[in-house]
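Residue numbers (my numbering), protein chains in the order written: chain A, 1 to 169; chain B, 1001 to 1352. Written out below as structure tokens is the structure these notes cover.
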Amino acid sequence: MFCDVCGKNPATVHLTEIIDEQMNELHLCEDCARHKSAAMEQQFGLSDLLAGMADFEKPNKDEEVVTAKCPSCGLTYADFKKIGRLGCGECYNTFRQYLAPLLKRIHGSNQHVGKSPLKTKTKPAGQALVPKNKTDLQELKDKLQKAIEKEAFEEAAQLRDQIKEIEKK
Amino acid sequence: MQINDLLNHTSEWLKGTGPNSDIVISSRIRLARNLSKFPFPHWASSAQLDEILAKTSNAMANIDMLKSSTFFRLADLDVIDKQFLVERHLMSIEHSQKTEQKAVLVDDEEIIAVMVNEEDHLRIQLMQSGFNLFEARNIINRIDDALAKILDFAYLADFGYLTACPTNTGTGMRGSVMLHLPALVMSRQIERVLAAIAKLSFTTRGLYGEGTQASGNFFQISNQVSLGHGEDEIIENINGLIRQIIEQETQAREILLSKSREVLEDRINRSLGILKSARIITSQETIELLSMVRLGSDLGMVKDINRRTINELFIITQPAHLQKLENKKLSPQERDLKRAQLIRKKLNLLET
């Protein structure tokens, strides 16, 4: 079988395209397939999709959004809309008001509830290799001790319950 | 370790062991992490990328869990070596392109792989054979903790871990499970299952991740949401979903066995027959036929070929693996000949 595009080389890449509910099968040689995939990426990439989503966030003043610029890396919101990627961690602070609703649309939430690198850092060295439950347990026990010391009994009671929960496992 | 050493090693994900390994090929978790104070790779200068590479490789060299691993700079590898790593699921297709200042760390057992300067500064991957997400989560969590002691990760209390693409923000975690679902495909129930998966905010991909089509009845299912749920909750959600899919596939296999045993036996043995006698075969056809033989082995219809041999054939018949085995560049036509030869040799050897 020869390539559908150039008709010269044997077809080694087989592609199924769906356009307007019409299914097309294409048989291409390596060279033509490479051209084709480059063209497809230009047509429709993830960055367009994200940029499209970001477009919903149009606030009242268009100008302000486009020119808003991250002081740390220099990326503008217009850049983000074009490439679908942020420039650095600081961008999340800079564009917070636009990103918060965008994140909510993507994930259904914009409030992180998972682990934090800060907690890890404050643990004494050498504990990282202990299974998670054990480090958590020690951390909770320390907190409980402190809570009792400062007579914060409500907090202490909660901590005690959490510790029991882990020890049960 | 050299790249060539991997050629004689069985990747963790192809061992064919672990819980539910008749249906689940492998479980994988990856974490996206970025250094604070540095732009994300696509936005960083060449000097900054060098600095990120130096900082992360130094940090990894100081971690006990990563002691028996090798750090490959992609600029030092040729095209076939890079494709070889992609075929072994040690890095993404995206990572194998524009490779200046990119690197990948691979541990000797091929359980851990860390891509440096892919879409994020670090993409840490943990692979387990079979259905074993919790074990994967345990190990990767310890690696992450050890790295966080040395490196400052970009993080905000409300948005979590910060990533180049907002789709990964939060936990930066993606869990995925590779499934072999031939009975659901044959009984035409797969569309219904995939539609349900999509509704629950999970994605389905092919063997080689983003943008690849499902082939040979293999499906990779992963979570889409990374923000607003804790790591354990995300893992438990995928786990619950996979458990249901395993159950459905098991039922579909039982129904096929009781209602159309002869047809199934015919298809499986024909597939094996083609593999044992073909002179020219593409990698696509190989995957499809091997999928049937694997099902035959799971159901006890194919007795003399074990799962590990079938898994091994899946990988060594891939283009870059074939070329490494032959130790030279082969055109697609030459590969189809060599592939058929290799499969005949492996399968006919087993028959005495």
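We put the beta carbon where it would ideally sit given N, CA and C, even for glycine.
Three-state class that DSSP yields for residue i in the structure shown
i, result
"A:Gln158", "helix"
"B:Thr1309", "helix"
"B:Met1091", "coil"
"A:Pro10", "strand"
"A:Pro124", "Its pLDDT being 46, under 50, A:Pro124 is placed unreliably in this model, and the coordinates cannot settle the point."
"B:Arg1028", "strand"
"A:Leu26", "strand"
"B:Val1086", "helix"
"B:Gln1128", "strand"
"B:Ala1320", "helix"
"B:Arg1409", "Outside the displayed span of chain B (1001 to 1352) sits residue 1409 of chain B, for which this structure offers no information."
"B:Val1293", "helix"
"A:Leu99", "helix"
"B:Phe1134", "helix"
"A:Gln138", "helix"
"B:Asp1298", "helix"
"A:Lys58", "At A:Lys58 the pLDDT is 49, less than 50, meaning the model places this residue with poor confidence and gives no usable figure here."
"A:Phe2", "strand"
"B:Phe1038", "coil"
"A:Gly114", "coil"
"B:Phe1153", "strand"
Beta carbon of residue i nearer than 8 Å to that of residue j
i, j, result
"B:Ile1315", "B:Leu1014", "yes"
"B:Phe1218", "B:Thr1204", "no"
"B:Asn1306", "B:Ser1297", "yes"
"B:Val1104", "B:Val1116", "yes"
"B:Val1193", "B:Ile1246", "no"
"B:Phe958", "B:Val1024", "Residue 958 of chain B lies beyond the stretch modelled for chain B, which goes from 1001 to 1352, so this question has no answer here."
"B:Ile1003", "B:Met1173", "no"
"B:Ser1092", "B:Thr1169", "no"
"A:Tyr92", "A:Tyr77", "no"
"B:Leu1330", "B:Lys1324", "no"
"B:Met1127", "B:Ser1026", "yes"
"B:Glu1231", "A:Gly114", "yes"
"B:Leu1275", "B:Val1293", "yes"
"A:Ile163", "A:Leu137", "yes"
"B:Phe1153", "B:Ser1057", "no"
"B:Leu1147", "B:Asn1034", "no"
"B:Pro1182", "B:Ser1291", "yes"
"B:Leu1090", "B:Ala1113", "yes"
"B:Ile1140", "B:Ile1124", "yes"
"B:Asp1336", "B:Ile1281", "yes"
"B:Ile1343", "B:Thr1309", "no"
N-terminal and C-terminal residue of the beta strand (DSSP E) that residue i is part of
i, result
"B:Val1104", "Ala1103 to Asp1107"
"B:Ala1195", "Counting along the chain, B:Ala1195 falls outside any beta strand (DSSP E), though it belongs to the alpha helix (DSSP H) covering Ile1190 to Lys1199."
"B:Thr1070", "Ser1069 to Arg1073"
"B:Gly1175", "Met1173 to His1180"
"B:His1112", "One point to set straight first is that residue 1112 of chain B is Ile, not His, in the sequence displayed. Element bounds for B:Ile1112: Ile1112 to Val1116."
"B:Ile1221", "Phe1218 to Asn1223"
Residue from the options whose Cα sits closest to the Cα of residue i
i, options, result
"B:Gly1160", "B:Lys1199, B:Leu1330, B:His1229 and B:Arg1279", "B:His1229"
"B:Lys1199", "B:Val1177, B:Asn1223 and B:Gly1216", "B:Asn1223"
"B:Phe1071", "B:Gln1284, B:Ile1150 and B:Ala1061", "B:Ala1061"
"B:Glu1119", "A:Gly87, A:Glu139, A:Ala100 and A:Leu144", "A:Gly87"
"B:Asp1266", "B:Val1302, B:Glu1231 and B:Thr1282", "B:Val1302"
"B:Asp1158", "A:Ile83, A:Lys69 and A:Pro101", "A:Pro101"
"B:Glu1285", "B:Ser1215, B:Gly1175 and B:Glu1262", "B:Ser1215"
"B:Arg1142", "B:Ala1075, B:Ile1063 and B:Ala1252", "B:Ile1063"
"B:Asn1008", "B:His1042, B:Asp1108, B:Thr1171 and B:Leu1295", "B:Asp1108"
"B:Val1185", "B:Asn1239, B:Ala1252 and B:Thr1171", "B:Ala1252"
"B:Leu1347", "B:Gln1318, B:Ile1281 and B:Gly1273", "B:Gly1273"
"A:Asn110", "B:His1095, B:Gln1083, B:Ala1136 and B:Leu1156", "B:Leu1156"
"B:Glu1110", "B:Ser1068, B:Thr1099, B:Ser1277 and B:Lys1082", "B:Ser1068"
"B:Arg1279", "B:Arg1088, B:Gln1341, B:Ala1195 and B:Leu1349", "B:Gln1341"
"B:Ala1164", "B:Val1086, B:Ile1052, B:His1121 and B:Leu1085", "B:His1121"
"B:Leu1053", "B:Pro1039, B:Glu1262, B:Leu1264 and B:Lys1102", "B:Lys1102"
"B:Leu1257", "B:Leu1295, B:Leu1241 and B:Ile1242", "B:Leu1295"
"B:Leu1299", "B:Thr1250, B:Pro1319 and B:Pro1332", "B:Thr1250"
Opening and closing residue of the alpha helix (DSSP H) in which residue i lies
i, result
"B:Val1263", "Arg1261 to Ser1277"
"B:Ala1044", "Careful: B:Ala1044 lies outside any alpha helix (DSSP H) and carries neither H nor E."
"A:Ile83", "Tyr77 to Ile83"
"B:Leu1077", "Segment: none, B:Leu1077 is in no alpha helix (DSSP H) and carries neither H nor E."
"B:Asp1005", "Ile1003 to Leu1006"
"A:Cys91", "Cys91 to Thr94"
Residue i: CB within 7 Å of a non-hydrogen atom of the ligand GDP
i, result
"A:Tyr77", "The ligand GDP is not among the ligands present in this structure, which contains no ligands whatsoever."
Original post:
For the segment 1155 to 1176 of chain B, which residues have a beta carbon sitting closer than 9 Å to at least one beta carbon of chain A?
Top reply: Tyr1155, Leu1156, Ala1157, Asp1158, Phe1159, Gly1160, Tyr1161, Leu1162, Thr1163, Ala1164, Cys1165, Pro1166, Thr1167, Thr1169, Gly1170, Thr1171, Gly1172 and Met1173
**OP:** Please name the residues in the segment 103 to 114 of chain A whose beta-carbon is closer than 9 Å to at least one beta-carbon of chain B, in chain order.
**Re:** Closer than 9 Å at the C-beta level to chain B, one finds these residues of the segment 103 to 114 of chain A: Leu103, Lys104, Ile106, His107, Gly108, Ser109, Asn110, Gln111, His112, Val113 and Gly114.
Subject >> Contact list for the segment 1221 to 1250 of chain B against chain A, Cβ threshold 9 Å >> reply: Gln1224, Val1225, Ser1226, Leu1227, Gly1228, His1229, Gly1230, Glu1231, Asp1232, Glu1233 and Ile1234
**OP:** Can you give me, in chain order, the residues of the segment 1322 to 1338 of chain B that have a beta carbon less than 8 Å from any beta carbon in chain A?
**Re:** Correct list: Pro1332 and Gln1333.
Subject >> Positions along the segment 1128 to 1146 of chain B whose CB lies within less than 7 Å of some CB in chain A >> reply: Asn1138, Asn1141, Arg1142, Asp1145 and Ala1146
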